[in-house]
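Heads up: the sequence shown begins at 63 in this note's numbering, then just goes up one per residue.
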Amino acid sequence: MSTYTAPVSSTDDALIGRTLDGRYRVLSRIAEGGMATVYLAVDERLEREVALKVMHRHLASDDTFVSRFRREARSAASLSHPHVVAVYDQGRDGDHVFLAMEHVPGQTLRDVLAEQGALSPRASLDVLDAVLQALSEAHAKGLIHRDVKPENVIINENGTVKVADFGLARAVTSQTMTSSSGVLLGTVAYLSPEQVERGVADARSDVYAAGLVLVEMLTGAKAFTGETPIHVAYQHVHGGVPVPSDRVDGLPPALDDLVAVATARDPDDRPADAGELLGLVRRTRASLSPVALDARPDGIEADRAAHVPTATTALPPHPVTARAYGATARGAEHDDGRSGGGHSDTAALSVPPRPLEGKVVADPRRRGRNWWPAALLSVLLAAATAWFFLLGPGASSTVPSVVDRPQEQAMTAVEEASLTAAVQEAFSEDVAAGTVISVAPGVGDTVARGSEVVLTVSKGKERYEVPDLTGSTRAEAERRLGETNLALGEVGRAFSEDVPEGQVISMDPEPGTSLRRDAEVGLTLSRGRQPIEVPDVTGSPAGDAESALTDLGLQVERGEAQNSRSVPEGSVVSQSPDDGTLFRGDTVTVVVSKGPVMVDVPDVVGKQLGEARRILEDAGLRVEVERAFGGIFGTVRFQEPEDGSVPEGSTVKLTIV
63 MSTYTAPVSS TDDALIGRTL DGRYRVLSRI AEGGMATVYL AVDERLEREV ALKVMHRHLA
123 SDDTFVSRFR REARSAASLS HPHVVAVYDQ GRDGDHVFLA MEHVPGQTLR DVLAEQGALS
183 PRASLDVLDA VLQALSEAHA KGLIHRDVKP ENVIINENGT VKVADFGLAR AVTSQTMTSS
243 SGVLLGTVAY LSPEQVERGV ADARSDVYAA GLVLVEMLTG AKAFTGETPI HVAYQHVHGG
303 VPVPSDRVDG LPPALDDLVA VATARDPDDR PADAGELLGL VRRTRASLSP VALDARPDGI
363 EADRAAHVPT ATTALPPHPV TARAYGATAR GAEHDDGRSG GGHSDTAALS VPPRPLEGKV
423 VADPRRRGRN WWPAALLSVL LAAATAWFFL LGPGASSTVP SVVDRPQEQA MTAVEEASLT
483 AAVQEAFSED VAAGTVISVA PGVGDTVARG SEVVLTVSKG KERYEVPDLT GSTRAEAERR
543 LGETNLALGE VGRAFSEDVP EGQVISMDPE PGTSLRRDAE VGLTLSRGRQ PIEVPDVTGS
603 PAGDAESALT DLGLQVERGE AQNSRSVPEG SVVSQSPDDG TLFRGDTVTV VVSKGPVMVD
663 VPDVVGKQLG EARRILEDAG LRVEVERAFG GIFGTVRFQE PEDGSVPEGS TVKLTIV
C-alpha cells in the first residue's frame, strides 16, 4: 500500500476519496468538459500523481463509444515525445471509464492568454514551435489531433509546453455524433473548412487549427467569433482568416505570410503536415530581428512577455545583411570627393638659382659680358623641370568626382583630367543602370597623368527570369533553377489528373517573373491522380445512385436489369466494383431491380388439398392451410387471394372443409 498522502478537495463529488481499479485514488477535481471530468489522483502502485480523465456516465454506457475510446487511447499512448502529455493507462471500474495521464502542473495556453492578452512574436513562436513538434510526432505515426486549441496546450511550471488529448477528439457517441449525423467534431472556433463542409480531417486540419492558435497568441483574440456556432463555422468556409497585423500594429509581414499559409482555405495550399509548418515557422523566426521578436502590442507592458513560461527553441541567429555597410562605404566615397576639391591640377614649382662656386672677383670690365650664360642656364633648367612635372613623365593629376554621374559624362571628366578611363560593369540594387557606382583609384587621389581610372558602371538591378518548370521532376527543376541563379523554395504536393506523379504542376512565382539572384521559387509537385473511394449505392434508387457516383467524377453504366424479391423496382441490386478506390473517369456498373417476378394465382377451389397444393407450388407460390369443421373432406372451400397476379413466393391461404 502506498504511503503517499495529499489534501483531498472539500467537494461533494462522489469520486473524490475513491480508488478506481484498485489503483488510482482520486484526490481532487481539476476540470470538467463535455466528454469527461479530470481529477488529480495518485497511482498507489507507482506512488506518483496522475491526471485521471473519467468519462461522463452517459458516454460510458455507449458500447460503441467505449470501444472507440479505448482504441484511440491506445493510439495516443503510442506517442512518446517531450511536448506530448503522456498516456499511462486506460481502464474501467464499474460505470467509470477512465484514462490515466501524465499530470502537468501549470496553466493552459487559454489561461495565459486570458491573463496576458496578446503575446510577443517570440513567445508566440516558442509555444507554436513546441506544439508543432508534438503534432509532427503524431502525424508521422498517422495520428490526427482534430482538436488543437489553447485549452489543449499546457505550459508547465518549468516552462515546458505540452499538448494534451491526442486522438481523443475522434471518440464520439454512436447515437449523436456518428459520421452520418452531421455533427462536427472539435471546437468550432478552430475547425478547418473541410471539417465544416465535408466532415473530413487530416494532418492539414491540425495545421489550420495551429495557424488559428498563432493568430490568437499574436492578437489576443480568436480569429473568428460569432453569436452562434453556425455563424462561426460559416466564417471558416466563406471568410478569410484575419491578418494579424490588421489587428496589432507593427507585426512583421512575415508573420502575416506564415498565418496565411497555415490557414489557407484549400487544404492543398497548406503545408502537408505539422513537420512542414514547423520548418516554415523556424525560417520565419530566423528572418525576424530581436526587436521584432520582442515587440509587444500597444498597451501591453514589455516585461509581461517575460512572465510567459516558454521553452525557447534553439534557432540560428538573425542573419546580418551587407546593405547597411554598403551605404556607409558609398557615403565615404562622396566625402572623399568633396575633400578633394581643394587639390590643384598642377603643382607650383620653383627652381632655386644655381649657387656660385668660389670667391673669385671678376674683372669689372668683363662682368657685363659673362652674366648671360648663367642666366640662360637657369632658364633652361627651370623650363626643363616645369616640362617634366607639368607635361612630361613626372606630371600628375587628380581623379575627378564622377560617382553617381552617367557613364559618358564620367568618361569625359576623366579624360579632361588627362587620365584614361576604363569601364567595368556591376549589378546594383540602388544605382540606376548606366550610372557610375564607384571609381578606382578613389575620387581625389593624385595619380600620374595618363594613368588608367576604372569606372564601375551599374548594370541595374540583378534579375533573373523564372523558367517554366512545368512537367519537370524535382531534381530537374532544382538543376534548372541553379543554372538560372535562382534557388528552390518550398515544395508542396497536390493531386493532378493531368500531370504524372512527381512532376511540377505549378510554381510560385509564375514563369517569366524577374527575381533577384538566389531568390526562392516554390514548386507544387503532383501526387498523381486523386483516388476516389467507391461508395456503396446498393439499395438506393437508381437516379440517386447515379448522381452520387457522377458527383464524385465517376462514370456510370447500367447492367442488365434483374428481378429481385428484396430490392424494390428501380433501385440498385448490385454494383461493380462494390468497394475500393477508382480514379476520375473510371466506370462503376450498376444493376437495377425489375422488382419481383409476378405470377397468376390459379383457381383451386373445389379441388382436394393435395392437388391444390401441387398446383400452387408449381406456380411458385406458398400454401397456408386453415381447416374448417376439422376439414374431414379435404376439399378446398375458399382461397385467398382468389385470382390476379402476385409476386413469386407469395402465400395463398386455403380453407379446407
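Every residue gets a Cβ at the ideal spot worked out from N, C-alpha and C, and that includes glycine.
The structure displayed is predicted, hence computed values, not measured ones.
#### Entry: Member of 143, 149, 625 whose CA lies at the smallest distance from the CA of residue 135
Counting from 1 along the sequence shown, the entry for residue 135 is found at position 73. When 143, 149, 625 are compared, the shortest CA-CA separation from residue 135 is found for 149.
### Message
My output table needs one value for residue 547: the three-state DSSP class, helix, strand or coil.
### Response
Taking the first residue of the sequence shown as 1, we reach residue 547 at position 485. Residue 547: coil per DSSP, three-state reduction.
### Task
State buried or exposed for residue 125, treating a residue as buried only when at least 16 other CB atoms are found within 10 Å of its CB.
For the purposes of this step, residue 125 is identified with residue 63 of the sequence shown, where counting begins at 1. Classification of residue 125: exposed, given that the 10 Å Cβ count is below 16.
### Query
For the segment 313–320 against the segment 536–546, are there 3 or more C-beta pairs whose distance is under 8 Å?
Output reads no: the segment 536–546 does not touch the segment 313–320.
### Task
Provide the residue span of the alpha helix (DSSP H) that contains residue 273, from first to last.
Translated into the one-based positions of the sequence shown, residue 273 becomes position 211. Where residue 273 is concerned, the enclosing alpha helix (DSSP H) starts and stops at 265–281.
### Query
Using DSSP with H/G/I as helix, E/B as strand and the rest coil, what is residue 532?
On the sequence shown, position 470 is the one that residue 532 refers to. The answer is coil: DSSP assigns residue 532 none of H, G, I, E or B.
### Query
Exposed or buried, residue 255, counting other C-beta atoms within 10 Å across all chains shown (16 or more means buried)?
Mapped onto the sequence shown, residue 255 falls at position 193. Taking all protein chains shown into account, residue 255 has 16 or more neighbouring C-beta atoms within 10 Å of its C-beta and is therefore buried.
### Task
Report all residues from its chain with a CB closer than 7 Å to the CB of residue 187; omit the five preceding and five following residues, and keep chain order.
Indexing the sequence shown from 1 puts residue 187 at position 125. Excluding residues within five positions, the ones whose Cβ falls inside 7 Å are 343, 347.
### Message
Can you look up residue 205 in the DSSP assignment and give me helix, strand or coil?
### Response
For the purposes of this step, residue 205 is taken as residue 143 along the sequence shown, with counting starting at 1. DSSP places residue 205 in coil when its eight states are reduced to three.
### Query
Thinking C-beta only, is residue 273 closer than 7 Å to residue 321?
As a working mapping, residue 321 is identified with position 259 in the sequence shown. As a working mapping, residue 273 is identified with position 211 in the sequence shown. Cβ distance < 7 Å, so residue 321 and residue 273 count as in contact.
### Message
Spatial neighbours of residue 195 within its chain, please: C-beta separation below 6 Å, excluding the five flanking residues on both sides.
### Response
Stepping through the sequence shown from its first residue, residue 195 is reached at position 133. Correct list, in chain order: 145.
### Task
Report the three-state DSSP secondary structure of residue 195 (helix, strand or coil).
Against the sequence shown, residue 195 aligns to sequence position 133. DSSP, reduced to helix, strand and coil, places residue 195 within a helical segment of the structure shown.
### Message
Going by beta-carbon coordinates alone, are residue 158 and residue 113 separated by less than 7 Å?
### Response
The count along the sequence shown starts at 1 and reaches residue 158 at position 96. The count along the sequence shown starts at 1 and reaches residue 113 at position 51. The beta carbons of residue 158 and residue 113 sit no closer together than 7 Å.
### Task
Check the DSSP bridge columns for residue 699 and list the partner residues they point to.
Along the sequence shown, one-based indexing puts residue 699 at 637. Looking at the DSSP assignment, residue 699 forms no beta bridge with any residue, so it has no partner.
### Message
So, at 6 Å on beta carbons, what are the nonlocal neighbours of residue 614 in its own chain, with the 5 sequence-adjacent residues on each side left out?
### Response
Taking the first residue of the sequence shown as position 1, residue 614 is located at position 552. For residue 614, the CB contacts under 6 Å within the same chain, skipping 5 residues up- and downstream, are 594 in chain order.
### Query
How is residue 626 classed by DSSP in three states: helix, strand or coil?
On the sequence shown, residue 626 is found 564 positions in, with the first residue counted as 1. Three-state result, residue 626: coil.
### Task
Below 8 Å CB to CB, which residues in the same chain sit around residue 588 once its five sequence neighbours on both sides are set aside?
One-based indexing of the sequence shown puts residue 588 at position 526. Hits under 8 Å: 555, 556, 557, 558, 561, 562, 563, 564, 565, 566, 567.
### Supposed contact pair residue 182 and residue 356 - C-beta distance, whole angstroms, cut 8 Å
The residue given as residue 356 occupies position 294 in the sequence shown. The residue given as residue 182 occupies position 120 in the sequence shown. With a beta-carbon spacing of about 6 Å, residue 356 and residue 182 fall inside the 8 Å limit used to define contacts.
### Query
Taking the C-alpha atoms as reference points, what is the distance between residue 706 and residue 632?
By 1-based counting over the sequence shown, the position of residue 706 is 644. By 1-based counting over the sequence shown, the position of residue 632 is 570. Residue 706 and residue 632: Cα-Cα distance of roughly 23 Å.
### DSSP beta-bridge partners of residue 709
Taking the sequence shown and counting its residues from 1, one reaches residue 709 at position 647. BP columns for residue 709 point to 660.
#### Entry: Secondary structure of residue 575, DSSP reduced to three states
Sequence index remark: in the sequence shown, residue 575 carries index 513 (1-based). Coil, per DSSP.
### Query
Is residue 310 helix, strand or coil when you go by DSSP?
On the sequence shown, residue 310 is found 248 positions in, with the first residue counted as 1. Residue 310: coil per DSSP, three-state reduction.
### Query
Rounded C-beta distance between residue 469 and residue 485? I'm assuming under 8 Å.
Numbered from its first residue, the sequence shown carries residue 469 at position 407. Numbered from its first residue, the sequence shown carries residue 485 at position 423. That belief holds up - the Cβ atoms of residue 469 and residue 485 are roughly 7 Å apart, short of 8 Å.
#### Entry: Backbone CA spacing between residue 605 and residue 90 [nearest angstrom]
Numbered from 1 along the sequence shown, position 543 holds the residue referred to as residue 605. Numbered from 1 along the sequence shown, position 28 holds the residue referred to as residue 90. Answer to the nearest angstrom: the Cα atoms are 59 Å apart.
### Query
Can you tell me the Cα-Cα spacing of residue 389 and residue 490, whole angstroms?
The sequence position of residue 389 within the sequence shown is 327, counting from 1. The sequence position of residue 490 within the sequence shown is 428, counting from 1. Only weak support exists for where residue 389 lies, its pLDDT of 29 falling under 50; the value from the coordinates is given anyway. Going from the Cα of residue 389 to the Cα of residue 490 covers about 12 Å.
### Task
With DSSP as the reference, please indicate the residues paired to residue 458 in a beta bridge.
The residue labelled residue 458 in the question sits at position 396 within the sequence shown. The bridge partners DSSP lists for residue 458 are 510.
### Task
Tell me, to the nearest whole angstrom, how far the beta carbon of residue 262 is from that of residue 285; I am working on the premise that it is less than 8 Å.
Numbered from its first residue, the sequence shown carries residue 262 at position 200. Numbered from its first residue, the sequence shown carries residue 285 at position 223. The pair is not a contact, with the Cβ atoms about 21 Å apart (cut-off 8 Å).
### Query
With DSSP run on the structure shown, which of helix, strand or coil describes residue 592?
Along the sequence shown, read from residue 1 onward, the residue named residue 592 stands at position 530. In the three-state reduction of the DSSP assignment, residue 592 falls in the coil class.
### Query
Using the C-alpha atoms, what's the distance from residue 279 back to residue 289?
If you number the sequence shown from 1, residue 289 lands on position 227. If you number the sequence shown from 1, residue 279 lands on position 217. Here the alpha carbons of residue 279 and residue 289 stand approximately 22 Å from one another.
### One or two residues paired with residue 120 in a DSSP bridge
As a position in the sequence shown, residue 120 is number 58, starting the count at 1. Paired residue(s): none; residue 120 is not in a bridge.
#### Entry: Residue range of the unbroken beta strand (DSSP E) whose run includes residue 151
For this step, residue 151 is matched to residue 89 along the sequence shown. Per DSSP, residue 151 is one residue of the beta strand (DSSP E) stretching across 149–155.
#### Entry: N-terminal and C-terminal residue of the beta strand (DSSP E) that residue 349 is part of
Within the sequence shown, numbered from 1, the residue matching residue 349 stands at position 287. Unbroken run through residue 349 is the alpha helix (DSSP H), 336–349; no beta strand (DSSP E).
### Query
According to the Cβ coordinates, are residue 295 and residue 250 closer than 7 Å?
Your numbering for residue 295 matches position 233 in the sequence shown. Your numbering for residue 250 matches position 188 in the sequence shown. Closer than 7 Å, so yes.
### Query
Would you say residue 600 and residue 634 are within 7 Å of each other, going by their C-beta atoms?
Residue 600 sits at position 538 when you count from the first residue of the sequence shown. Residue 634 sits at position 572 when you count from the first residue of the sequence shown. In this structure, residue 634 lies closer than 7 Å to residue 600 by Cβ.
### Query
Got a sec? Which residues, its chain only, sit under 7 Å from residue 693 by beta carbon, not counting five neighbours each side?
As a position in the sequence shown, residue 693 is number 631, starting the count at 1. Answer for residue 693: 718, 719, listed in chain order.
### Message
Per DSSP, what are the beta-bridge partners of residue 168 in this structure?
### Response
Here the question's residue 168 lines up with position 106 in the sequence shown. Under the DSSP definition of a beta bridge, residue 168 partners with 218.
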